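Heads up: the structure comes next, in structure tokens.
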Amino acid sequence: MELAGLKVLAFVDEEFEDLEMWYPVYRLREAGAIVDIVGPKAKTVYHGKYGVPITTDYAFDEVKSSEYVGLYVPGGWAPDKLRRYADVLRLTQEFHADVKPIAQICHAGWVLISAKIVQGYTMTSTPGIRDDIENAGAIWLDEEVVVDRNIISGRRPPDLPAFSKRFVDEIISFSKQLQK
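Under our numbering, the first residue of the sequence shown is numbered 12, with each subsequent residue one higher.
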């Protein structure tokens, strides 16, 4: 298993995009990663836009970025809520400062924008937040997955296969660098 024993943190809040949460989480777990689901409250059930539930392992203030090799932010309406939590912004900034892989898809770019880490990057997202990404100083591309340094970005659910594979590949690459 490519990611055996490596830990990835995934943010969640109400109204996440169901496929954008579960598809990458399953892909990471299939590769052997431990994916901790982290939200406003620990051991709490949150629901996707289409009603699919997920239960958090921890609350935002209970985790340390130093214990993880990557961060995942799903889309949906949850990112608009997530970006309002100081701990979400702090954790996102810590992952970025440590140049750890940060994957975001669809509306999740809002979290990275609010964390003020996108200036000078090339990214993609759902076209609906293209202006937000460009106004934050990033270059926006209409591609299924874009990787610029440590940020992996995707547009929407049809892009999940390529996006999820690339996120796994980037974590593998990052973990190999750590071993050197």
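Heads up, the beta-carbon is just placed ideally off N, CA and C, and yes, glycines get one too. Keep in mind the model is a prediction, meaning the values are calculated, not measured.
May I ask which residues mark the beginning and end of the beta strand (DSSP E) holding I163? Position 152 of the sequence shown, counting from 1, holds the residue named residue 163. Segment 162-165, the beta strand (DSSP E) holding I163.
Which residues in the same chain as Y69 place their Cβ atom closer than 7 Å to its Cβ, once the five residues preceding and following it in sequence are excluded? As a position in the sequence shown, residue 69 is number 58, starting the count at 1. Correct list, in chain order: D47, V49, A53.
Spell out a yes or no on whether the segment 71-81 and the segment 147-157 are touching, meaning 3 or more CB-CB pairs, one atom from each, closer than 8 Å. With fewer than three CB-CB distances shorter than 8 Å, the segment 71-81 does not count as touching the segment 147-157.
Going straight from the alpha carbon of V129 to that of L20, what length do you get? As a position in the sequence shown, residue 129 is number 118, starting the count at 1. As a position in the sequence shown, residue 20 is number 9, starting the count at 1. In a straight line, the C-alpha of V129 is about 19 Å away from that of L20.
Can you grab the Cα-Cα spacing for the pair L30 / Q188, in whole Å? Numbered from its first residue, the sequence shown carries residue 30 at position 19. Numbered from its first residue, the sequence shown carries residue 188 at position 177. Their backbone Cα atoms lie some 30 Å apart in a straight line.
Under 6 Å Cβ to Cβ from I162, same chain only, skipping five residues before and after it: list those, please. Taking the sequence shown and counting its residues from 1, the one referred to as residue 162 is at position 151. Hits under 6 Å: I113, Y132.
What are the partner residues of W33, as DSSP defines its beta bridges? Indexing the sequence shown from 1 puts residue 33 at position 22. As far as DSSP is concerned, W33 takes part in no beta bridge.
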